[in-house]
Each structure stands twice: as C-alpha cells, then as structure tokens.
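Asker:
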Amino acid sequence: MSDVSTRVKRADQEEEVEEESNEQTACPECNGNLISDTEHGETVCEECGLVVDEDQVDRGPEWRAFDSKEKNEKSRVGAPTTNTMHDKGLSTNIDWRNKDAYGNSLGSRQREKMQRLRKWNERFRTRDSKERNLKQALGEIDRMASALGLPNNVRETASVIYRRALDEDLLPGRSIEGVSTACVYAAARQAGVPRSLDEIADVSRVEKSEVARTYRYVVRELNLEVKPADPESYVPRFASGLELSDEAEHRARELLKTAKEKGVHSGKSPVGLAAAAVYAAALLTNEKTTQAEVSEVADISEVTIRNRYHELLEAEEAPAMA
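Residues in the sequence shown are numbered consecutively from 6, following this note's numbering.
(1) Could you pull the DSSP bridge partners for L39 from this structure?
(2) For a test of the three-state rule: what should DSSP assign to V198, helix, strand or coil?
(3) Using the Cβ count rule (16 or more neighbours within 10 Å means buried), how would you classify H45?
(4) Beta-carbon within less than 8 Å of N138's beta-carbon, same chain only, minus the 5 sequence neighbours each way: which residues are those?
(5) Looking at R210: is its Cβ nearer than 9 Å to the Cβ of T186?
(6) Assuming S96 and R148 make a contact with CB atoms under 8 Å, what is their CB distance in whole Å?
(7) With DSSP run on the structure shown, which of helix, strand or coil describes D147?
(8) Considering only residues of the same chain and omitting the five flanking positions on each side of V198, which have a CB-CB separation below 8 Å?
(9) Answer with buried or exposed for E28, where buried requires no fewer than 16 other C-beta atoms within 10 angstroms of its C-beta.
(10) So A264 packs on A287, CB below 8 Å; how close in whole Å?
(11) For H270, tell me which candidate among V56, Y222 and H315 has the shortest Cα-Cα distance.
(12) Strictly by DSSP, which residues pair up with D58?
(13) Counting only runs of 4+ residues fully inside the region 250-324, write out the alpha helix (DSSP H) ranges in chain order.
(14) Which residue from T219, R123, T86 and Y222 puts its Cα closest to that of E332?
(15) Kindly indicate which three-state DSSP category A31 falls into: helix, strand or coil?
(16) Could you compute how far the alpha carbon of Q141 sits from the alpha carbon of R179?
(17) So for V22, helix, strand or coil by DSSP?
(18) Just curious, the alpha helix (DSSP H) that R102 is in, first and last residue?
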C-alpha cells in the first residue's frame with residue numbers, strides 16, 4: 006500500500022509541475038504560445054495578443070555590443086577606474102555618517118568600531134609617502150579644475166601628467182601645489198580649453214611666477230606637446246561672459262583670423278588679443294559693452310585691450326588702405 010500511495014503522490018506532483026510549465030508557456034485564454042517582448046518588458050500571447058506579464062526587470066547590461074571583442078572590452082564589475090583618484094577608485098570608502106542601511110543612528114559601541122575601521126582603512130589606502138603625495142595632489146587638481154569650470158577630460162589628463170612627473174622623480178625641490186597647478190595649466194592647453202596664467206594663479210595656492218617656472222620645467226622634462234594657445238579658443242568664453250550675440254562672436258573670430266594672416270598676433274598675449282577682438286566686435290555690431298567690463302571678464306588690463314584693439318583694427322583696414 007505504501008508503494009502505491011508513493012506512486013500516486015509522484016504522479017500528482019508531476020502533473021502539477023506540468024501544469025505550471027504549461028501556464029508559463031501557454032496563454033491562459035487561448036492556450037497559444039507566449040513570447041517575451043524585451044523592448045517593452047512584457048510577456049504576450051502571439052495568437053490573441055493578451056499581455057500575461059508586464060513591467061519586467063531588465064537584468065542585462067546598460068550597454069550594447071556588436072561582436073565578442075566589444076563585449077569583452079565593455080564587460081565590467083563596479084564603477085570604471087579613474088586616474089583622478091590616487092587608488093584609481095578601486096578601494097573601499099566607509100561613510101562618515103554613523104547610520105545603518107535603514108537610516109537609524111548607530112549605538113556608541115558601533116560608532117567606536119566604525120571610527121576604528123575608518124582610521125585603519127585610511128592608513129591602508131595611503132601606506133607610503135608616494136600615495137599620500139598623490140592623494141594630496143589629485144585633490145588639489147580636482148579643486149582647481151572645479152573652480153575653473155574645466156571638464157572631466159582635463160582633470161584626467163592633469164592627473165596622468167602628475168603621475169608621470171611623480172614616477173620620473175620631478176618633484177624634489179618643488180611644492181606639490183606648484184606641480185599640480187602646472188599640470189592643470191598644461192592639460193587645459195592640450196585639451197583646447199585654455200585658461201590664462203592669471204586665472205590659474207587666482208585659484209592656486211602658489212604665486213604666478215612659481216606656476217610659470219614649474220610649468221616650463223614639467224613640459225620640458227616630460228616632452229609634452231603643448232601648442233601655443235589660440236586666441237580664438239578664448240572668444241566663446243569671453244563673449245558668453247559679456248552676453249554678446251553670435252554675430253559679435255563670429256566677428257571677433259574674423260578679426261583674429263585677419264590678424265593671424267597679417268602676423269599681428271606674433272609675440273602678443275593670446276588673452277589680450279581675444280579680449281580686444283571681443284571688444285572691437287561688440288562695437289562693430291552695435292552692442293553695448295565697455296573696456297572695463299571686458300577687462301573684468303578677461304582678467305586683463307584696459308591698457309592692453311586698448312593697444313591690441315587699435316592693432317586689430319589697423320590690420321583689418323590695411324588691405325583697403327593699400
């Protein structure tokens with residue numbers, strides 16, 4: 006009797022499993038085949054169109070790959086590595102807030118435990134002087150880049166330049182702040198979003214002369230390819246700061262192109278030329294602005310603007326006079 010009852014139970018269980026599988030693969034209305042619509046996150050019947058399940062969670066990656074090589078390159082776990090952190094973002098951070106996952110405050114013993122963990126975690130993250138140096142420098146680079154409104158690619162480039170300087174032992178005898186500032190200046194020039202030396206010095210903790218000296222040293226020793234700053238690259242920022250029209254910005258570019266053709270730009274500060282071109286373009290397009298306003302936006306003296314302004318207009322009028 007026991008064997009018979011066992012067989013009956015097994016048969017009932019098999020029928021239940023078969024029914025469940027049929028429910029999962031067959032439509033409850035017309036018994037048609039069910040298909041999964043991954044684009045809309047739904048399970049529908051291909052015969053009658055009944056939506057059996059909706060709001061399904063897509064557990065796949067957020068990226069697409071079209072071949073195996075691209076899939077292997079994009080596959081990852083966790084956040085991508087970055088050169089802007091001294092450990093490239095591979096370490097663990099312990100939150101400073103003494104709260105658990107539910108937002109409840111920790112008890113006194115737990116707070117003491119977390120404080121000890123934070124202390125040892127910080128010690129392990131910066132185990133030697135080189136890592137401590139790198140941590141301080143990359144913090145300075147991030148601070149200055151934020152103050153100057155520089156994009157993330159400039160921060161990455163500046164961090165790579167500093168790592169190279171550290172690896173090639175260029176820091177002895179120079180301050181961390183000075184080399185960090187020089188790296189930001191060089192990275193901005195390389196990325197085509199330059200900032201003037203005065204702007205860089207305003208957000209730095211070192212003097213302008215030290216920034217210029219360290220910049221020349223770093224560029225020379227690392228053989229960095231830094232082209233001379235193009236005056237036109239400053240025009241959009243100055244025009245935006247003065248709220249000038251696109252017509253005035255375009256006119257300023259034309260003035261600078263003419264100046265380059267005539268060789269007026271040689272030996273002149275690109276910031277001064279750009280500021281003068283923006284001021285001249287505003288006057289030529291009948292837009293109200295003053296030398297004082299341009300001076301404040303460009304962080305350059307009014308005397309320089311006046312001198313370069315006359316030179317630009319002379320270069321513009323030279324063909325007509327000939």
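Ideal Cβ positions, reconstructed from N, Cα and C, are used throughout, including at glycine.
Answerer: Based on what the coordinates show:
(1) As a first step, residue 39 must be located in the sequence shown, where it is residue number 34. DSSP, once it has assigned bridges, lists C50 as partnering L39.
(2) Your numbering for residue 198 matches position 193 in the sequence shown. Three-state result, V198: coil.
(3) Your numbering for residue 45 matches position 40 in the sequence shown. It counts as exposed.
(4) The sequence position of residue 138 within the sequence shown is 133, counting from 1. Once the five neighbours on either side are set aside, the close Cβ partners of N138 are L171, L176 and I181.
(5) Translated into the one-based positions of the sequence shown, residue 210 becomes position 205. Translated into the one-based positions of the sequence shown, residue 186 becomes position 181. Contact: yes.
(6) Position 91 of the sequence shown, counted from the first residue, corresponds to residue 96. Position 143 of the sequence shown, counted from the first residue, corresponds to residue 148. No, S96 and R148 are not in contact; Cβ-Cβ is about 20 Å, not under 8 Å.
(7) Numbered from its first residue, the sequence shown carries residue 147 at position 142. In the structure shown, D147 sits in a helix (DSSP, three-state: H, G or I).
(8) Taking the sequence shown and counting its residues from 1, the one referred to as residue 198 is at position 193. Taking C-beta separations shorter than 8 Å and ignoring five residues to either side along the sequence, the partners of V198 in its chain run L155, P156, V159 and S238, following chain order.
(9) The residue you call residue 28 lines up with position 23 of the sequence shown. Because E28 carries a pLDDT of 46, less than 50, the predicted location of this residue cannot be relied on, and the following value inherits that uncertainty. Exposed, by the Cβ-count rule.
(10) Taking the sequence shown and counting its residues from 1, the one referred to as residue 264 is at position 259. Taking the sequence shown and counting its residues from 1, the one referred to as residue 287 is at position 282. Contact doesn't hold; Cβ gap of about 17 Å is too wide.
(11) As a working mapping, residue 270 is identified with position 265 in the sequence shown. Answer by Cα proximity: H315.
(12) As a first step, residue 58 must be located in the sequence shown, where it is residue number 53. In DSSP, D58 forms a bridge with T48.
(13) 251-267, 275-289 and 296-303
(14) No answer is possible for residue 332: the residues shown for the chain start at 6 and end at 327.
(15) As a position in the sequence shown, residue 31 is number 26, starting the count at 1. Correct three-state label for A31: strand.
(16) On the sequence shown, residue 141 is found 136 positions in, with the first residue counted as 1. On the sequence shown, residue 179 is found 174 positions in, with the first residue counted as 1. Rounded to the nearest angstrom, the two C-alpha atoms are 14 Å apart.
(17) Numbered from its first residue, the sequence shown carries residue 22 at position 17. Only weak support exists for where V22 lies, its pLDDT of 46 falling under 50; the value from the coordinates is given anyway. It is helical.
(18) Here residue 102 refers to the residue found at position 97 when the sequence shown is read from its first residue. From DSSP, R102 is part of no alpha helix (DSSP H); its letter is neither H nor E.
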